[in-house]
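Chains as they are written, first to last, in my numbering: chain A, 79 to 233; chain B, 89 to 206.
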Amino acid sequence: MTDNDLKMFVDIVSNYFAKVVDEAPLLDEPVIEFTPPKLLDYSGFIQISGSDDGCVYITMPRDFAVSFLRRTGEMASDDALLSDFVGEMASTIASNARERFGGQFKISVPRTLVGGQQPPFSVPGTRFVLPIRWDGRTAHLGIGVFSSVEAVKAS
Amino acid sequence: MKLLIVDDSNVIRRAIAREIGSSRYEIRSAGNGTEALAVFDEFAPEIVTMDITMPELDGLSCVDAILNRRPDTKILVISALADKATAVEAIKRGAQGFLLKPFTAEMLHTELAELLAE
């Protein structure tokens, strides 16, 4: 993961908010996380395979998700819809990254978690975490993506 | 005019339906390709908005199946897959439009208007 790769994810998140809620978020500097992911109320994971390995995820508190959806005109706020929303956001961000990584950057369908539970699947032990501040609340984008060559060397 | 929205995300299905409204279109939706073909056969829509990455039957395979059934169906592929090859493949298979997620309401209206003008 290069600085340019990280900048691309920053740009993708900014573009997502600009298009969907017409308002830019405040993005803090990404930090490196070595511990298990700190998951909030709703989390959406995308597994990456092909030319790269790992995962991209977004995790957010309930009020972030509800507020975001309200801004789009969605008034429902049940668990199923909020889970679907974080899964879709994670999927869109990961899929947009194909512009840089190419068609062999394979994207899974989203897997969602509710209530901050740890994922029942493996997550790279080292990840970049990008804090996303918006509307007085904070979500986190986790990026644990390595080229397949790097992933084999690490294992 | 009948419009079928195909996307595995309920949030996206609801957002598209909310945005284009029911005054101009009679709208049905489906959450995957297999369900989409069943609804297509029964509902016979003139327009389909089609996601690509879905469980069971992906969107590009679904485009093939729909155009085999009724070649004059207008299909707008709506996907977050940002590589050019995906858009080219969708058009090659017979989709008339490609809209990249995330999109604004204005972008959706523009694409649908262009689709109908063809």
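Backbone N, C-alpha and C fix where the C-beta goes; we use that ideal spot for every residue, glycine too.
Buried or exposed by the 16-neighbour rule on C-beta atoms within 10 Å, applied to residue i
i                : result
lysine 162/B     : buried
isoleucine 221/A : buried
serine 173/A     : buried
asparagine 238/B : One cannot answer for residue 238/B here, as it falls past the ends of chain B, which runs 89 to 206.
arginine 112/B   : exposed
methionine 153/A : exposed
CA nearest to the CA of residue i, picked from the options
i                : options                                : result
arginine 158/B   : Pro133/B, Met89/B, Ala193/B, Gly147/B  : Pro133/B
proline 190/B    : Gly147/B, Lys180/B, Ile104/B           : Ile104/B
glycine 194/A    : Asp162/A, Arg176/A, Asn174/A, Ser121/A : Ser121/A
arginine 176/A   : Ile154/B, Ala175/B, Glu199/B           : Ala175/B
aspartate 213/A  : Ala168/A, Pro139/A, Arg189/A, Arg178/A : Pro139/A
glutamate 144/B  : Ser186/A, Val192/A, Arg205/A           : Ser186/A
threonine 113/A  : Val207/A, Thr216/A, Arg215/A           : Val207/A
isoleucine 124/A : Pro198/A, Arg205/A, Thr204/A, Thr190/A : Thr190/A
glutamate 107/B  : Val136/B, Ala183/B, Asp95/B, Met195/B  : Met195/B
alanine 168/A    : Arg148/A, Phe95/A, Glu111/A            : Phe95/A
methionine 79/A  : Val164/A, Thr150/A, Val109/A           : Val109/A
Proximal residues of chain B, C-beta to C-beta of residue i below 8 Å
i               : result
valine 187/A    : Asp96, Thr141, Met142, Pro143
serine 173/A    : Thr141, Ser167, Ala168, Leu169, Ala170, Lys189
aspartate 162/A : Ser97, Asn98, Val99
Whole-Å CB distance - residue i paired with residue j, under 8 Å assumed
i                : j                : result
valine 134/A     : isoleucine 171/A : 6 Å
leucine 160/A    : threonine 137/A  : Their Cβ separation, rounded to whole angstroms, is 12 Å, which puts leucine 160/A and threonine 137/A out of contact at 8 Å.
alanine 118/B    : leucine 92/B     : 7 Å
glutamate 199/B  : leucine 169/B    : No, glutamate 199/B and leucine 169/B are not in contact; Cβ-Cβ is about 16 Å, not under 8 Å.
methionine 142/B : glycine 109/B    : At roughly 24 Å, the Cβ-Cβ gap does not stay under 8 Å, so methionine 142/B and glycine 109/B are not in contact.
DSSP beta-bridge partners of residue i
i               : result
glutamine 196/A : In DSSP, glutamine 196/A forms no bridge with anything.
glutamine 125/A : Cys133/A
lysine 90/B     : Glu114/B
isoleucine 90/A : Its beta-bridge partners do not exist; DSSP assigns none.
glutamate 111/A : Arg205/A
lysine 184/A    : Ser127/A
histidine 218/A : Thr137/A, Pro209/A
lysine 162/B    : Ile135/B
glycine 151/A   : Glycine 151/A is not bridged to any residue.
Contact set between residue i and chain B, taken where Cβ atoms lie within less than 7 Å
i                  : result
threonine 150/A    : Ala103
valine 98/A        : Pro190
threonine 170/A    : Ala168, Lys189, Pro190
leucine 159/A      : Asn98, Val99
phenylalanine 87/A : Ordered by position in chain B, no residue passes the 7 Å Cβ test against phenylalanine 87/A, which lies about 12 Å from the chain.
Neighbouring residues, chain A, relative to residue i (Cβ below 8 Å)
i                : result
isoleucine 100/B : Glu166
arginine 106/B   : Gly151, Glu152
threonine 174/B  : Arg176, Gly181
Cross-chain neighbours of residue i in chain B, by beta carbon under 9 Å
i               : result
asparagine 93/A : Pro190
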